[in-house]
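Reviewing the structure listed below.
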Amino acid sequence: VPVHHATNMADKLQRKGVPYLLRLIEGTQHSRGYANEVWDETVAFLHTYLDAA
1049 VPVHHATNMA
1059 DKLQRKGVPY
1069 LLRLIEGTQH
1079 SRGYANEVWD
1089 ETVAFLHTYL
1099 DAA
């Protein structure tokens, strides 16, 4: 995803008061290549907002 697409989405979510997490990571790997780096943070975010629903 181009960075500007992600930051535009984050801006729109923030303006609407929607919880979001945007973490920009350097590199060229895709998806699972970064799993170890972001998994715990992602799961914590999902628990926070999905468990509350």
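Using the working numbering, read the sequence shown as starting at 1049 and increasing by one per residue.
Glycine included, every Cβ here is placed at the ideal spot set by N, Cα and C.
What you are looking at is a predicted structure, and each value in this text was computed from that prediction instead of being measured.
By Cβ distance below 7 Å, which residues in the same chain neighbour residue i in space, the five residues on each side in sequence not counted?
| i | result |
| --- | --- |
| Pro1067 | Tyr1097 |
Report, in whole angstroms, the separation of the C-beta atoms of residue i and residue j, which I expect to be a contact under 8 Å.
| i | j | result |
| --- | --- | --- |
| Arg1063 | Glu1089 | With a Cβ gap of about 23 Å, Arg1063 and Glu1089 do not count as contacting. |
Excluding five sequence neighbours on each side, which residues of the same chain lie with their C-beta closer than 8 Å to the C-beta of residue i?
| i | result |
| --- | --- |
| Ala1054 | Leu1070 and Leu1072 |
| Glu1085 | Ile1073 |
| Ala1058 | Tyr1068 and Leu1070 |
Indicate the three-state DSSP secondary structure (helix, strand or coil) for residue i in the structure shown.
| i | result |
| --- | --- |
| Ala1100 | coil |
| Val1051 | helix |
| Arg1063 | helix |
Which same chain residues, not among the five before or five after residue i, have their C-beta less than 6 Å away from its C-beta?
| i | result |
| --- | --- |
| Leu1061 | Tyr1068 |
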